[in-house]
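What follows is a set of notes on a single structure, which appears directly below.
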Amino acid sequence: MSSTRHGTSIGNSDDEENEDTAQILGRRIWRIFPYVRPYRRRATVGIATNMFARIFDLVPFIFIGFAVDYYSGTPSGGRLGNFRVFLDENLLNLISDDQALSYGILIFLGFVGLAIFQGVSDYCWQTLGYMVQHDLRLDATRSLIRMEASYYDLRQTGVLMSVLSSDVNQLEDVISDSSTSIIRIFTTFITAFFILMLMSWKLTAVLFGPLVLIFPMVYLFSTRVQRKYRKQRESTGGINAVLENVISGISVVQAYNAQEWETTRVANESEGYRDQAIGASLDRNRFIPGLYSVAGIVYGLLVSVGGWLMKEGDISTGAFVTFLLIMTRLSMPLFIFGMLVNQLQRGEAAARRVFAMVDLEPSIVDKADASALEGPIETIEFNDVHFTYPGTDTAVLNGISFNVGQGGFLGVMGHTGAGKSTILKLILRYYEPDSGEVLVNGRNILDITLESVREQMGFVSQDPFLFYGSVRDNVVYSRDASEDEIEMALHLAGADEFVVDMENGIDTLVGDRGVMLSGGQRARISLARALLMKPSLLILDEASSALDAETERRIQSNLLGTGESRTTIAVAHRLSTIRNADEILSMVDGAIVERGTHDILVTNDGVYSSQWAIQTGALEEE
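Residue numbers (the numbering used here): 2 to 623.
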């Protein structure tokens with residue numbers, strides 16, 4: 002999904018499709034490495050120890066070749082023959098009088114060195130991977146939570162979670178596994194080439210010559226499979242999104258006997274992932290046999306040409322044994338190379354999605370010259386405000402104007418879609434008006450920093466969200482508060498009466514999204530959370546819709562009795578919620594059609610009067 006408002010998208014684009022045909026690994030995956038920079042000392046140690054491990058992995062084979070020549074009583078040829086003479090005349094005597102035992106000890110020490118350096122290398126790269134994974138996930142999360150609320154309107158939670166979990170984990174594998182594989186392949190081939198050249202350049206040419214066939218194979222594999230891996234990663238997000246929906250809405254699923262329908266929906270998403278995975282697997286398994294074929298060619302030539310060279314006296318038996326043993330070590334990097342390309346392709350697909358999230362830029366930000374709000378919110382004013390939701394053509398607000406002073410109570414009513422909640426979203430700066438002004442204390446809200454103005458607001462939505470945790474966790478939420486302050490907030494919200502009867506009182510767990518509580522209880526906990534902030538502006542969006550009339554009356558009494566300086570703006574369908582408001586706005590299709598107190602509006606033959614009659618049963622009585 003592309004967006005011009007929010008930077009790079011977390012989805013497909015034509016540019017990305019074109020990139021796939023022109024690049025092997027693209028440019029995204031390389032953006033991981035700046036995250037390594039803070040841990041460059043650990044990375045340096047990991048590189049050095051991995052290189053030493055590869056050297057110690059091959060050096061014992063030299064000693065095995067020397068031992069074979071020693072047992073057969075033949076000199077070792079090539080430039081390394083001089084090294085054997087040095088060992089025989091100097092070092093081996095220091096180890097043991099028995100040269101056979103000395104060679105055995107040297108071989109053992111070689112593997113000890115391999116074990117030590119490999120262990121240190123694995124620790125460095127694994128821990129480095131975890132550190133980079135943490136930093137990447139944190140950066141992506143920071144970018145995500147900075148986005149305005151409107152960003153999430155058309156995005157599935159499961160897709161976003163897939164990026165933060167599986168895609169970030171895939172990039173951790175690139176650091177901890179792919180990086181070590183690259184070093185292993187490079188160092189092994191360089192070291193092997195150096196050692197074997199010193200023994201016999203002819204047989205070295207036979208050994209390394211066919212390996213050039215791998216490069217066109219890698220290119221063909223990479224260009225074919227990259228797009229499939231990207232689509233596979235995207236399909237993972239789709240599956241997660243559907244499953245998250247099903248699990249969150251399981252009560253609705255069961256109430257409508259929709260189990261089979263939801264199973265089919267999951268199956269459709271899973272089939273997309275399956276087909277992309279099968280396609281990528283098919284291309285991968287076309288590539289792997291090619292590697293086996295190259296390895297077979299190398300082994301065949303090595304044995305044939307090596308036997309002939311040994312017969313001609315160009316190389317010793319021990320040198321030929323060393324060649325064969327080192328070839329076994331070269332075979333592993335060959336197949337690691339195949340898996341490496343496969344893993345890097347997966348990493349490229351993940352990197353596109355992760356860094357698209359990291360690069361997100363909110364469209365609603367503080368202006369360069371914005372300043373903090375000093376003191377409480379004393380007045381809120383709308384001055385000829387017009388607004389249309391992004392991506393739509395229908396105006397939601399048409400020339401809205403009103404003002405509410407400190408300590409005032411403004412009520413807003415109207416049919417569904419009239420624009421009531423949109424007014425609240427503009428005050429909270431989830432959106433910005435197309436034209437007109439929203440004024441706070443006489444200043445354009447766009448000239449005030451977001452943090453400072455929201456710090457003075459308490460907000461309760463019609464679908465109050467509770468986090469997994471206790472009642473206390475949800476009331477205090479990100480703040481420090483004394484027990485007295487918490488108790489007062491619960492009392493004002495009318496929540497103390499049921500909290501005290503709960504099994505563990507205020508420390509009772511509410512379940513995921515507050516499922517252990519009723520709708521009315523969640524509403525009161527959410528109100529307590531807002532009141533704990535001691536806001537100068539309290540915003541209520543159908544906050545009392547889940548409350549019974551008696552509870553609503555009691556809460557209103559609490560709020561009115563303690564909020565002389567607190568301004569309240571309430572949106573409500575149930576008119577009893579806003580009956581006591583200082584002014585009530587009646588809205589139709591984004592416009593204010595009437596305004597006044599309850600007593601004035603109820604006598605008019607308008608929208609408010611009609612709704613009041615319906616809700617109080619007056620029409621039925623007539």
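Beta carbons are placed, not taken as given, at the ideal position from N, Cα and C, and that holds for glycine. Just so it is clear, the structure is predicted and the values come from calculations on it, not from any experiment.
- With respect to the 7 Å criterion, Arg-523 and Pro-465 are classified as neighbours on the basis of their beta carbons.
- Within the region 152-205, no complete beta strand (DSSP E) segment of 3 residues or longer occurs.
- The continuous alpha helix (DSSP H) containing Met-489 extends over residues 484-493.
- DSSP places Val-461 within a strand segment (E or B) once states are collapsed to three.
- With a beta-carbon spacing of about 6 Å, Asp-367 and Leu-451 fall inside the 8 Å limit used to define contacts.
- Scanning its chain for C-beta atoms nearer than 7 Å, with the 5 sequence neighbours on each side dropped, one finds around Asp-590 the residues Ala-419, in chain order.
- Secondary structure of Ser-77 (DSSP, three-state): coil.
- The Cβ atoms of Gly-412 and Lys-421 lie no closer than 7 Å to each other.
- In this structure, the CA atom of Val-254 is about 31 Å from the CA atom of Thr-142.
- Scanning its chain for C-beta atoms nearer than 6 Å, with the 5 sequence neighbours on each side dropped, one finds around Arg-525 the residues Ala-494, Gly-495, Ala-496, in chain order.
- Ser-77 sits buried, since 16 or more C-beta atoms from the chains shown fall within 10 Å of its C-beta.
- Linking Val-160 to Val-37 through their CA atoms gives a straight-line distance of about 27 Å.
- Nearest Cα to Arg-444 within the set Asp-394, Glu-488, Gly-114, Ile-378: Ile-378.
- For Leu-586, the uninterrupted beta strand (DSSP E) run begins and ends at 584-589, by DSSP.
- In the DSSP assignment, Arg-575 falls outside any alpha helix (DSSP H) and carries neither an H nor an E.
- Burial check for Phe-109: the Cβ neighbour count within 10 Å stays below 16, so the residue is exposed.
- When the Cα atoms are used, Tyr-72 and Arg-29 turn out to be separated by approximately 55 Å.
- The residue from Asp-583, Ser-611, Leu-548, Val-243 with its alpha-carbon nearest to that of Ser-271 is Val-243.
- Look at the beta carbons and you see the region 289-309 not touching the region 39-58: under three pairs across the two are nearer than 8 Å.
- Per DSSP, Ile-526 is one residue of the alpha helix (DSSP H) stretching across 520-533.
- For Phe-209, the secondary structure class from DSSP, reduced to helix, strand or coil, is helix.
- The continuous stretches of alpha helix (DSSP H) do not include Arg-29, and DSSP gives it neither H nor E.
- When C-beta atoms of the region 455-463 are compared with those of the region 535-544, three or more pairs fall below 8 Å, so the two segments count as touching.
- Contact check for Ser-587 against Tyr-609 passes: the beta carbons are separated by less than 7 Å.
- Taking C-beta atoms under 8 Å as the contact rule, Phe-118 and Thr-50 qualify, at a distance of about 5 Å.
- In the assembly as shown, Gly-506 is an exposed residue. Its beta-carbon has fewer than 16 other beta-carbons within 10 Å.
- In this structure Arg-347 is buried. Its beta-carbon is surrounded by 16 or more other beta-carbon atoms within 10 angstroms.
- Only exposed fits Glu-313, as fewer than 16 other CB atoms lie within 10 angstroms of its CB.
- Following the DSSP letters along the chain, one finds Leu-541 inside the beta strand (DSSP E) bounded by residues 538-542.
- Under DSSP, no beta-bridge partner is assigned to Gly-443.
- If you draw a straight line from the Cα of Leu-214 to the Cα of Lys-203, it is about 19 Å long.
- Separation of the CB atoms of Ile-196 and Ile-48 is rounded to 21 Å, and the pair is thereby denied contact status at 8 Å.
- Annotation for Glu-595: Ser-587, Leu-602, Asn-605, Gly-607, Val-608, Tyr-609 place their beta carbon closer than 7 Å to its own, counting only its chain and skipping 5 residues before and after.
- Only residues of its own chain outside the window of five on either side were considered, and among them Ala-371 have a CB closer than 6 Å to the CB of Asp-448, listed in chain order.
- Under the criterion of beta carbons closer than 8 Å, Thr-205 and Leu-331 do not qualify as touching, at roughly 11 Å.
- Contact check for Ala-531 against Leu-491 fails: the beta carbons are separated by 7 Å or more.
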